[in-house]
Amino acid sequence: MEEWDLLNENRELTRKTHIRGEKLAPGELHLVVHVCIFNEKGQLLIQKRQKDKEGWPNYWDLSAAGSALKGETSRQAAEREVKEELGMTIDLSNTRAKFSYHFEAGFDDYWFITKDVELSDLTLQTEEVADVRFVANEELEALRSSGEFIPYFFLNQLFELKNATTIHF
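Under numbering that gives the first Met the number 0, read the sequence shown as residues 0 to 168, first letter to last.
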């Protein structure tokens, strides 16, 4: 059973929690994190979601993602999701989320890091992750165009966002 903290519209804790799988009531918001891991060549590590995964099954996705658990900060949730899904330890203590997107059910923080990773060193969470690979911008665009990648609104700008200090959508 996964439990999430609920937030208000100002991203403040409400002291209420939510059980994953239950329907959120209007005005109940939670925190989601995504991590984009780039290698030194500038390629993005992507994962393919399992065919029976709830929400976007069989689609390619960013490096790691998930909801923050009760008591977790965005940073802690991002580090945990990478460890759970890829078997890799990352340290985000000297960085901050690149941007946050406010969606209907909450806040979605996007973390960007550069780290050389050997695919053979990863331990995939078999319940969630079917495959991983590195892609350059052109390959990401091809997956987006073919409808094989989750259609994030910023996907065509992802590689530009990596080096941006100011972000404009």
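Ideal Cβ positions, reconstructed from N, Cα and C, are used throughout, including at glycine. These numbers were taken from a predicted model, which means no experiment stands behind them.
Backbone CA spacing between residue i and residue j [nearest angstrom]
i: Lys47; j: Glu1; result: 22 Å
i: Leu157; j: Ala63; result: 15 Å
i: Ile149; j: Lys22; result: 22 Å
i: Glu159; j: Phe153; result: 10 Å
i: Leu121; j: Glu53; result: 23 Å
i: Ser92; j: Leu61; result: 21 Å
i: Glu8; j: His17; result: 16 Å
i: Leu28; j: Ala129; result: 29 Å
i: Lys15; j: Leu6; result: 8 Å
i: Asp51; j: Thr94; result: 34 Å
i: Gln49; j: Val131; result: 11 Å
i: Ile89; j: Gly26; result: 33 Å
i: Glu71; j: Gln124; result: 20 Å
i: Ile112; j: Gly20; result: 30 Å
Residue burial classification, residue i (beta-carbon count within 10 angstroms, cutoff 16)
i: Gly65; result: buried
i: Leu12; result: exposed
i: Trp55; result: exposed
i: Gly105; result: buried
i: Lys101; result: It is worth fixing the name first, because residue 101 is His in this sequence and not Lys. With fewer than 16 Cβ atoms within 10 Å of its Cβ, His101 is classed as exposed.
i: Asp4; result: buried
i: Leu118; result: exposed
i: Glu84; result: buried
i: Ile166; result: exposed
Close beta carbons around residue i, own chain, < 7 Å, minus the five adjacent residues each side
i: Ala96; result: Ser73, Asp108, Tyr109, Trp110
i: Val116; result: Ile36, Asn38, Leu44, Met87
Residue i, DSSP secondary structure in three states
i: Glu2; result: strand
i: Arg79; result: helix
i: Gln49; result: coil
i: Arg132; result: strand
i: Lys161; result: helix
i: Ser92; result: coil
i: Asp107; result: strand
i: Asp60; result: strand
i: Ser145; result: coil
i: Leu85; result: helix
i: Arg14; result: strand
Residue i beta carbon near the ligand ZN (any heavy atom closer than 8 Å)
i: Leu30; result: Annotation note on the ligand ZN: not contained in the displayed structure, which lists no ligands.
Own chain residues within Cβ distance below 8 Å of residue i, not counting five before or after
i: Val134; result: Gln42, Leu43, Ile45, Leu142
i: Asn162; result: none
i: Glu80; result: Val32, Val34, Ala63, Ala64, Gly65
i: Gln75; result: Ala67
i: Asn155; result: Glu140, Arg143
i: Lys69; result: Glu2, Trp3, Asp4, Thr16
Proximity test, Cβ basis, 9 Å: residue i and chain C
i: Val134; result: Absence of chain C from the displayed structure is noted, only one protein chain being present.
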